[in-house]
Structure formats: structure tokens, C-alpha cells
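In this text, residue positions in the sequence shown follow the working numbering: the first is 2, and each later residue adds one. Structure, as C-alpha cells:
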Amino acid sequence: MAALMRVAQGATRMLVRPLAAAPAVVTRSLASMPAEAFKKHEVIPDVLKTAPSKTAKAVYEGGVEASLGNVLTPTQVKSPPKLTWDTEPGALYTVILTDPDAPSRKEATYREWHHWLIINVPGNDIDKGDVLAEYIGAGPPKGTGLHRYIFLVYKQPGKITDSEHGHLTNRSGDGRGGFKTSKFVEKHKLGNPIAGNFFQAEWDDYVPTLYKQLGG
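Pasting the structure below:
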């Protein structure tokens, strides 16, 4: 009987023993992730000097998302994505989608080729913005490897206009090459991007269809 009592007392002491402290979990700041990815993939310095502070969310048909340099296909990104970012009440934004790797990353003689440009976007409502360049999906030439497709969002100081740029349709590639994000930003005093994201893509069998759409 005494032996049984000693065993029971020992078990009780084990049950009430304080649990060991859980190891500290080191969390990475979400704000640091765009900066790291933009530097790793050399978006800095090829397009930007300063990385966006936050990630914009770009979701394509079927739930496919851009995710700081992941690889998607031209087929997956042929239609405009749902693009969202953190907004401020009453603010207007500029959205840019640009490819600095035209016609290839090794010989980027047409850097940058802009795929989408919208100004005066109220909040996240891109449909209410003023479109300067209609959306054109990724169309990297065959054999040129991966291209980077970069979404950038800028908060505007106020409403802006740009008659010099004009309106570019998605039925022609004219006027798309040789675009400079930095010059556009400087011209309109947009400052640093407040949000961004990017994906990579290389040629697939949808690209010839896109070229026909552009008159090529």
C-alpha cells in the first residue's frame, strides 16, 4: 500500500510540474518580403531604386496569383487580374505593369515594355480609373527565357493627366516599348511605390495568339 502511495505522489508531482517555456518563434515582417524579393530578382536596380513597402495582391482567373517572382504562364495571365492593395480614404492611385526584359533579359533593348497603365484609380476600383494603356498579357518571344512582369502601385498627390502618353489599345503593341517607370513617376511626382508584386513567365503556345491580337 505504501509503495502504491509513493507512485501516486510521484505521478501527481509530474502532472503539476510547470510546462517548459515554448521556444520563441521568430516572425519575419511582411513588409520586408517585397524588398527582399525585388532585390533578389534584380527589379532593384533594373526598374526601381526603392522597393514597395507592401505587397499588392494580383489574382488571375482560376485563382492563380502573382507571388513575388513565382513562375506563371502566358495562358494563365492572358486576362487582367483582380489587383488589390491597402488604400487610404479619398486617395487616387496609379497602377503600372511593366516588363523590363524585352525582348530578353540578356538584351533588354526595349526596356521597359509596359503592359498596363491606369491613373486616377479611386481606392482599389481599377474600373473607375483612367486607362492610358489597356491590359496586355505576357508575351515573351520564344527562346528568350523568363521575363519579369512587375505590378507597381503609386499614391498620387492629386488627379493627374497625361495627353503626351495618350491611350494605347490592346490591339497593337505600338508605343509600348522604351517606357521608363522612373521617368513617368518623376513626371507626375508619384514618389516611391506603396505596393507591388511580380511574376515571371516564358513563352508558351498562347503567345502566337496574343501576337495575332497585336497585329503581328
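Each residue gets a CB set at the ideal place from its N, CA and C atoms; glycine is no exception.
Considering only their Cβ atoms, is the gap separating residue j from residue i smaller than 9 Å?
| i | j | result |
| --- | --- | --- |
| T76 | D205 | yes |
| P82 | V44 | no |
| G138 | V78 | yes |
| I120 | H189 | yes |
| R172 | H115 | no |
| P142 | S105 | yes |
Where do the N-terminal and C-terminal ends of the alpha helix (DSSP H) with residue i fall, by residue?
| i | result |
| --- | --- |
| L211 | 208 to 214 |
| I45 | 44 to 47 |
| K188 | 182 to 188 |
Considering Cα atoms alone, identify which of the options is closest to residue i.
| i | options | result |
| --- | --- | --- |
| G144 | D47, A52, K107, W114 | K107 |
| F185 | I97, R149, P53 | I97 |
| G159 | T51, H166, P90, V208 | P90 |
| D175 | Q214, K58, E187 | Q214 |
| N125 | L84, K181, P194, Y111 | L84 |
| A103 | A202, K188, K190 | A202 |
| D47 | G70, L69, N71, E113 | E113 |
| T110 | K181, I151, G70, S80 | K181 |
| D87 | I195, L211, P209 | I195 |
| Y150 | G197, P209, G179 | G197 |
| L153 | E37, G216, S54 | S54 |
| W117 | Y212, T210, A38, H168 | H168 |
Residues in its own chain within less than 6 Å of residue i by CB, not counting five upstream and five downstream?
| i | result |
| --- | --- |
| D128 | none |
| K58 | T85 |
| M15 | Note on M15: pLDDT 44, under 50, position unreliable in the model; the coordinate value appears next. Excluding sequence neighbours, M15 sits near nothing in its chain. |
| D170 | Checking the sequence, you will find Thr at residue 170 rather than Asp. Around T170: E135. |
| L49 | none |
| G63 | none |
| T56 | P35, N198 |
| V208 | P75, G140 |
| S80 | E62 |
| D131 | I120, N121 |
| T210 | none |
| G216 | S173 |
| N193 | T51 |
What residue range does the beta strand (DSSP E) around residue i cover?
| i | result |
| --- | --- |
| K156 | 148 to 156 |
| A57 | Counting along the chain, A57 falls outside any beta strand (DSSP E), and DSSP gives it neither H nor E. |
| A202 | 196 to 202 |
Going along the chain, which residues of its own chain have a beta-carbon closer than 7 Å to the beta-carbon of residue i, five neighbours each way excluded?
| i | result |
| --- | --- |
| G123 | Rather than Gly, the amino acid found at residue 123 in this sequence is Pro. For P123, where only same-chain residues beyond five positions count, the Cβ hits under 7 Å are L93, K129. |
| H166 | L133 |
| L191 | T95, Y155, Q157 |
| A12 | For A12, the pLDDT reaches just 45, beneath the cut-off of 50, and the residue's location in the model is therefore unreliable, although a value from the coordinates is still provided. None. |
| A212 | What sits at residue 212 in the sequence shown is Tyr, not Ala. Cβ neighbours of Y212 beyond the five flanking positions: G140. |
| I161 | I120, N121, H189 |
| G179 | Y111 |
Counting only beta-carbon atoms, is residue i nearer than 9 Å to chain D?
| i | result |
| --- | --- |
| N121 | Protein chain content of the structure displayed is limited to a single chain, and chain D is not contained in it. |
Leaving aside the five residues before and after residue i along the sequence, list all residues of the same chain whose C-beta is less than 8 Å from its C-beta, in chain order.
| i | result |
| --- | --- |
| L73 | Y61, V65, A67, A139, F200, Q201, A202 |
| K40 | A52 |
| G70 | A38, K41, H42, R149, F199, F200, Q201 |
List in chain order: all unbroken beta strand (DSSP E) runs of 3+ residues lying wholly within the stretch 63 to 144. 83 to 85, 93 to 100, 114 to 123, 131 to 134
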